[in-house]
Every structure is written in C-alpha cells, then in structure tokens.
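For any residue, its number in my numbering is found by taking its place in the sequence shown, counting from 1, and adding 27. The beta carbon of each residue, even a glycine, is placed where N, CA and C say it ideally should be. Here is the structure we will look at, set down as structure tokens.
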Amino acid sequence: MMKTTSRNITLLLFLFLGLLCRAQEADSLQNKLQKEYDSISLLNRQLREQLEQLQVKNERLEEKQKFYEEKESFYKIEMMRDLRETNEQLLVEKDKYQRMSDSLRLRLNETEKTIIRTNEELKYTQRRAQDAEAKISAATARKKKVCAIQGIAMKTFRTPNWSLAPDKTQDGTVFYKIINKNGGDVEFDYTAGAYVMLWDLTRKHEAVTDSISKRYIDIKKFDQEFSYSLGLYVGFGGSNLFKNFYVGPSFKFLDFFYFTAGVNVCEYEMLTGVYQEGSELPAGFSLNDQISKVWKPKPFFSLSFDLDFISYIKK
Numbered sequence: 028m029m030k031t032t033s034r035n036i037t038l039l040l041f042l043f044l045g046l047l048c049r050a051q052e053a054d055s056l057q058n059k060l061q062k063e064y065d066s067i068s069l070l071n072r073q074l075r076e077q078l079e080q081l082q083v084k085n086e087r088l089e090e091k092q093k094f095y096e097e098k099e100s101f102y103k104i105e106m107m108r109d110l111r112e113t114n115e116q117l118l119v120e121k122d123k124y125q126r127m128s129d130s131l132r133l134r135l136n137e138t139e140k141t142i143i144r145t146n147e148e149l150k151y152t153q154r155r156a157q158d159a160e161a162k163i164s165a166a167t168a169r170k171k172k173v174c175a176i177q178g179i180a181m182k183t184f185r186t187p188n189w190s191l192a193p194d195k196t197q198d199g200t201v202f203y204k205i206i207n208k209n210g211g212d213v214e215f216d217y218t219a220g221a222y223v224m225l226w227d228l229t230r231k232h233e234a235v236t237d238s239i240s241k242r243y244i245d246i247k248k249f250d251q252e253f254s255y256s257l258g259l260y261v262g263f264g265g266s267n268l269f270k271n272f273y274v275g276p277s278f279k280f281l282d283f284f285y286f287t288a289g290v291n292v293c294e295y296e297m298l299t300g301v302y303q304e305g306s307e308l309p310a311g312f313s314l315n316d317q318i319s320k321v322w323k324p325k326p327f328f329s330l331s332f333d334l335d336f337i338s339y340i341k342k
C-alpha cells in the first residue's frame with residue numbers, strides 16, 4: 028500500500044514536473060509568440076503607414092497624371108487650332124504665290140520677247156556701230172591713200188561780167204561802151220575734190236642713245252605727231268562743177284591741211300571779134316552777139332581741209 032502511494036506520488040511529482048516544464052515552455056512559447064505578434068503588429072503598422080504614404084503618392088500621381096492629361100489635351104486643342112490657322116494661312120499664301128507665279132510667268136514671257144527684240148536691235152546696232160567704226164577709221168586714218176577735201180582756191184583770173192555803160196563824147200553825144208563789172212586779176216572760188224597720196228613724207232622719230240644709262244629714249248618732236256604727204260589733187264569749183272576744173276600737185280600737212288598749186292581750166296564768157304572791153308558798141312548791135320564761151324587755163328593756189336577727219340577728230 029505504501030509502495031503504491033509513493034509510486035503515485037512519484038508519478039504525480041513527475042507529472043507535476045512535466046506540467047511545470049510544459050507550463051514554462053508554454054510561457055516561453057507565449058512570450059515568443061507575443062514578441063512575434065508585437066513584431067508583426069509593428070510591421071503591420073509600418074506597412075499600413077507605407078500604404079498610406081503610397082496612397083498619398085498615388086493620389087498625387089493621379090493628380091499629376093490628370094493635370095498632364097488635361098495639359099496634353101489643351102496642347103492638342105491649341106495645336107489643332109494652330110494647325111487650322113496655319114493651314115488657312117498656307118492656303119492664302121498658296122493662292123498669293125500662285126498669283127505671283129502667274130504674274131511672273133507673264134512677265135517672263137514679256138521679258139523673253141523683250142530680250143529677243145533687244146538682241147535683234149543689238150545685232151542691228153552692232154552692225155551699225157561696226158559700219159560707223161569703219162567709217163570713222165576710214166575718215167580718221169592719217170595715211171589715207173585717197174580722201175575727199177574741200178577748200179578755197181585763189182586763181183589769177185576773174186570771171187568776166189560784161190555789161191554796157193552809157194558815156195558821152197565831147198560834143199554831148201551819148202553812146203554805150205563795153206565794160207567788165209568784175210574787174211581785177213584775182214578771184215576766190217569754193218573747191219571740192221579728191222586727193223591721191225603719191226609719197227608719204229611723215230618723218231619717223233629716231234631713237235637717241237643716252238650716254239649715261241645706255242638706254243634708248245624716244246624723242247618726239249611736234250611735227251612728228253602729224254602726217255605729211257605729197258599727192259595729186261583733182262577737183263571742181265564754183266556753181267558749175269562740170270565747167271570749172273582744178274588739177275595740180277598737193278601737199279598735206281598737220282593731218283588735214285592741204286596746200287595745192289596747179290592749173291584751173293574753166294569755161295568763161297569772153298568777148299570775141301572786133302569789139303573788146305572799153306569799145307563803143309554801135310547802135311543796133313547786141314552785146315550777146317559779141318560774147319562766146321571759151322576755155323582758159325589759169326594758175327591757182329588753194330588751201331583745203333579734210334572735213335571728215337575734222338568732224339571725227341573729237342569723237
């Protein structure tokens with residue numbers, strides 16, 4: 028009996044010890060669980076705070092997104108309006124430039140016509156300029172072989188002008204005598220003709236050696252700037268060109284002056300027959316019956332000019 032009781036007590040003791048150990052383990056487990064719970068609660072609180080922060084950020088992001096969407100929509104609207112205005116302006120500009128293009132095309136056509144007409148006129152002007160230059164070159168050539176000259180000739184015979192003048196005798200009888208109204212031995216006449224150069228007398232300037240520098244120096248004298256020549260002159264004079272001829276040697280000096288001395292052959296109305304200058308013409312006689320046309324050679328001197336050369340000398 029005693030053994031059974033002690034055994035039970037021992038079992039109870041072991042059981043109590045076991046329960047005590049279990050209680051300690053339970054307390055330890057409970058403490059551990061409590062710590063884990065506290066840790067989980069803290070973590071949960073932190074997560075909740077982070078979630079709230081994320082919600083705030085999300086709300087801000089949503090606001091920004093909405094703002095950006097509104098801004099983008101506004102920009103799109105503005106862009107569409109700008110595009111529409113730009114398109115309208117482009118249409119206006121297109122119409123404007125189309126009109127300008129049409130106007131420029133018309134002006135281009137007119138300009139092309141003007142250029143063609145101007146080119147033709149230029150060709151004609153160039154031909155005229157070339158002809159004018161040829162004429163000027165021919166007129167201003169200092170050593171022309173043939174040139175036309177005009178001037179004044181002095182001949183030693185005056186063209187007679189016969190007439191009748193009344194006179195009286197000692198007894199008072201009136202009679203008519205033959206007179207020459209053109210008295211004198213010298214007459215001036217306008218001449219025009221051609222000069223043919225036979226010898227060129229223009230002096231060539233010579234090169235003179237400078238003894239100091241041993242160089243050649245061209246020394247030009249005044250008369251070496253002009254042309255001189257000797258030739259033959261044939262011309263006409265007065266109003267009756269084919270009845271008044273001049274011929275003789277001519278000397279050209281200072282480019283356009285010509286001095287000529289020769290023979291003038293002219294047809295004059297001369298008295299023929301019995302009655303001469305100063306004779307009394309009997310009554311019933313006509314002066315025209317006493318006049319006939321006669322060719323007479325007379326010496327002359329003339330000074331002539333090359334008027335073509337003078338006319339172009341300053342052009």
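In DSSP terms, what residue i is bridged to
{"i": "alanine 192", "result": "Lys204"}
{"i": "phenylalanine 284", "result": "Phe280, Phe332"}
{"i": "serine 319", "result": "Met297"}
{"i": "asparagine 174", "result": "Note on residue identity: the sequence assigns cysteine, not asparagine, to residue 174. BP columns for cysteine 174 point to Tyr222."}
{"i": "valine 261", "result": "Ala221, Val274"}
{"i": "aspartate 216", "result": "Ala180"}
{"i": "phenylalanine 327", "result": "Lys182, Gly289"}
{"i": "aspartate 227", "result": "Ser256"}
{"i": "glutamate 307", "result": "Lys204"}
Anticipated Cβ contact below 8 angstroms, residue i with residue j, distance rounded
{"i": "lysine 320", "j": "glutamate 294", "result": "5 angstroms"}
{"i": "tyrosine 260", "j": "serine 277", "result": "4 angstroms"}
{"i": "methionine 224", "j": "serine 329", "result": "Incorrect: roughly 17 angstroms between the Cβ atoms, too far for contact."}
{"i": "leucine 314", "j": "tryptophan 226", "result": "Not confirmed; about 50 angstroms, so no contact."}
{"i": "phenylalanine 263", "j": "threonine 218", "result": "7 angstroms"}
{"i": "phenylalanine 332", "j": "phenylalanine 284", "result": "7 angstroms"}
Length of the line joining the Cα atoms of residue i and residue j
{"i": "glutamate 316", "j": "valine 290", "result": "As written in the sequence, residue 316 is aspartate, which differs from the glutamate given in the question. Using only the alpha carbons, I get a separation of about 29 angstroms."}
{"i": "glutamate 105", "j": "isoleucine 67", "result": "54 angstroms"}
{"i": "lysine 59", "j": "glutamate 52", "result": "10 angstroms"}
{"i": "glycine 258", "j": "isoleucine 206", "result": "41 angstroms"}
{"i": "aspartate 109", "j": "leucine 69", "result": "58 angstroms"}
{"i": "histidine 232", "j": "glutamate 304", "result": "Low confidence applies here, because histidine 232 scores a pLDDT of 48, under 50, leaving its location unreliable; read the following figure in that light. Near 58 angstroms, if we compare the C-alpha coordinates of glutamate 304 and histidine 232."}
{"i": "threonine 183", "j": "aspartate 212", "result": "5 angstroms"}
{"i": "threonine 145", "j": "tyrosine 151", "result": "10 angstroms"}
{"i": "alanine 166", "j": "arginine 185", "result": "Because the pLDDT of alanine 166 is 49, which lies under 50, any placement of that residue in the model is unreliable, and the question is left without a value."}
{"i": "aspartate 65", "j": "glutamine 57", "result": "12 angstroms"}
{"i": "arginine 155", "j": "glutamine 177", "result": "27 angstroms"}
{"i": "alanine 175", "j": "glutamine 153", "result": "27 angstroms"}
{"i": "leucine 44", "j": "lysine 62", "result": "26 angstroms"}
{"i": "threonine 37", "j": "alanine 50", "result": "19 angstroms"}
{"i": "glutamate 99", "j": "glutamate 86", "result": "19 angstroms"}
{"i": "isoleucine 179", "j": "glycine 311", "result": "42 angstroms"}
{"i": "glutamate 76", "j": "lysine 84", "result": "12 angstroms"}
{"i": "leucine 117", "j": "glutamate 89", "result": "40 angstroms"}
{"i": "asparagine 136", "j": "glutamate 120", "result": "24 angstroms"}
{"i": "arginine 132", "j": "threonine 141", "result": "14 angstroms"}
{"i": "alanine 234", "j": "lysine 171", "result": "Low confidence applies to alanine 234: its pLDDT is 46, below 50, so where it sits in the model is not reliable, and the reading given next is rough at best. Near 26 angstroms, if we compare the C-alpha coordinates of lysine 171 and alanine 234."}
{"i": "threonine 32", "j": "aspartate 54", "result": "31 angstroms"}
{"i": "phenylalanine 280", "j": "glutamate 139", "result": "54 angstroms"}
{"i": "threonine 229", "j": "alanine 288", "result": "20 angstroms"}
Sequence-distant residues of the same chain with beta carbon closer than 7 angstroms to residue i, five excluded per side
{"i": "valine 292", "result": "Phe272, Trp322, Pro324"}
{"i": "proline 187", "result": "Asn207, Asn209, Tyr295, Glu296, Met297"}
{"i": "leucine 334", "result": "Gln177"}
{"i": "tyrosine 302", "result": "Ile205, Leu308, Gln317"}
Residues near residue i in its chain [Cβ-Cβ closer than 8 angstroms; skip 5 each side]
{"i": "valine 173", "result": "Ala221, Tyr222, Val223, Met224"}
{"i": "threonine 299", "result": "Gln317, Ile318, Ser319, Val321"}
Close Cβ partners of residue i (< 6 angstroms) along its chain, the five nearest in sequence each way excluded
{"i": "cysteine 48", "result": "none"}
{"i": "tyrosine 203", "result": "Leu191, Pro193, Leu308"}
Touching by the beta-carbon criterion (3+ pairs, under 8 angstroms), the region 193 to 209 and the region 268 to 281: no
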